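Rendered as structure tokens:
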């Protein structure tokens with residue numbers, strides 16, 4: 007886009023860029039592919055990531071860092087669901103956490119049965135979990151019990 011005078015209402019250097027990232031594969035996705043009713047299961051409501059999901063997180067983490075995008079991120083906003091927080095922290099979080107460091111970990115070891123080391127809050131953007139970012143299901147069929155609204 008051209009930055010010449012009059013080409014836009016606001017110059018690009020004064021604008022914020024919003025990047026939307028969907029969570030990586032969760033156990034609810036695997037079960038939902040087998041049977042769509044699994045998405046309504048209370049046991050899968052706060053699903054954690056699968057091994058493939060963590061591989062997706064690792065790939066995006068590498069891309070975000072290799073491209074330099076991580077240096078331009080001012081804030082990471084995520085849903086408070088485990089799968090979204092695991093994705094956000096895995097992609098945008100700091101390196102491995104070391105005990106004794108003054109900064110708390112952004113994610114503790116083995117969070118959500120992840121088999122992952124703790125992730126540091128150092129050298130990463132601030133994170134904010136917002137309930138309004140969580141997915142909501144709306145049921146139109148009265149015969150279906152809505153678990154989430």
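Residue numbers (my numbering): 7 to 155.
Every residue gets a Cβ at the ideal spot worked out from N, C-alpha and C, and that includes glycine.
Only a predicted model underlies this, so the values are computations on that prediction, with no experimental measurement involved.
Item	Value
Opposing strand residues paired with residue 111 [DSSP bridges]	126
Residue 109 burial status per 10 Å Cβ neighbour count (16 or more: buried)	exposed
Exposed unless 16 or more other CB atoms sit within 10 angstroms - verdict on residue 122	buried
Buried or exposed (CB count within 10 angstroms, at least 16 for buried), residue 132	exposed
Short Cβ contact (8 Å threshold) for residue 103 with residue 125	yes
Where residue 36 sits in the DSSP three-state scheme	helix
Cross-strand partners of residue 55 (DSSP beta bridge)	32
The segment 82-101 touching the segment 64-72, judged by at least three CB pairs closer than 8 Å	yes
Reference residue 137; option with closest CA among 91, 116 and 85	85
Span of the alpha helix (DSSP H), counted from its first residue to its last, around residue 93	88-98
DSSP state of residue 63 mapped onto helix, strand, coil	helix
Helix, strand or coil at residue 24 according to DSSP, with G and I counted as helix	coil
C-alpha gap between residue 53 and residue 32, whole angstroms	6 Å
Residue 72 - DSSP class collapsed to helix/strand/coil	helix
Residues that residue 1 bridges to, as DSSP identifies them	The question about residue 1 has no answer here: the residues shown for the chain are numbered 7 through 155.
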